[in-house]
Amino acid sequence: MTEEKPNPKQTSPDAHWHKGRCHCGRVQFEVRAPADVTLSRCNCSICQMSGFLHLIVGAEDFRLLTGTDNLTTYTFNTHTARHMFCRTCGIKPFYRPRSHPDGWSVNFNCVTKTGFERIVIEDFDGQNWEESIGGLLARD
Numbered sequence: 001m002t003e004e005k006p007n008p009k010q011t012s013p014d015a016h017w018h019k020g021r022c023h024c025g026r027v028q029f030e031v032r033a034p035a036d037v038t039l040s041r042c043n044c045s046i047c048q049m050s051g052f053l054h055l056i057v058g059a060e061d062f063r064l065l066t067g068t069d070n071l072t073t074y075t076f077n078t079h080t081a082r083h084m085f086c087r088t089c090g091i092k093p094f095y096r097p098r099s100h101p102d103g104w105s106v107n108f109n110c111v112t113k114t115g116f117e118r119i120v121i122e123d124f125d126g127q128n129w130e131e132s133i134g135g136l137l138a139r140d
């Protein structure tokens with residue numbers, strides 16, 4: 001098991017908890033993030049089809065509030081990433097990413113936008129994941 005290094009972006013003094021949910025509201029969560037965030041927009045098939053904007057956080061920066069029993073999990077390829085969907089509305093508000101298996105990737109589109117001052121979106125070449133992952137990990 002790999003030891004997860006703290007993410008200074010999420011543990012900075014201006015980080016605070018933001019609420020998020022799926023479309024129907026049965027799955028609700030909180031994510032801790034600073035006022036300035038950098039998101040990843042991935043061009044792999046599942047991210048493109050679902051419109052996922054990645055806010056990657058450590059396990060300590062994510063809290064599932066409701067809906068554990070309403071989540072279903074989908075895996076494919078290496079079965080490392082655990083994509084979690086609401087059984088009712090089909091939205092994927094977060095998942096365990098292959099790149100950060102001890103953390104979470106939160107769909108920023110499911111997060112309430114209050115409290116953010118600067119949002120930067122960087123592209124990630126998920127179609128060529130093996131060649132591109134080093135650049136994503138270097139951002140941490």
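Just so you know, we're using UniProt numbering here: the sequence shown kicks off at 1 and counts up by one. For glycine and all other residues, C-beta sits at the position ideal for the given N, C-alpha and C.
Looking at the DSSP output, residue 100 bridges to nothing. Residue 125 sits in coil when the DSSP states are folded into three classes, being neither helix nor strand. Looking from the CA of residue 132, the closest CA among 99, 105, 15, 81 belongs to 99. Partner residues in a beta bridge of residue 92, as assigned by DSSP, do not exist. Using a 10 angstroms sphere on the CB of residue 54, the tally of other CB atoms reaches 16 or more, which defines it as buried.
Going by beta carbons, residue 83 and residue 119 fall outside the 8 Å limit. By the C-beta density criterion, residue 123 is exposed, having fewer than 16 other C-beta atoms within 10 angstroms. If you draw a 10 Å sphere on the C-beta of residue 12, you find fewer than 16 other C-beta atoms in it, and that means exposed.
Taking C-beta atoms as the reference points, residue 22 and residue 97 fail to come closer than 8 Å.
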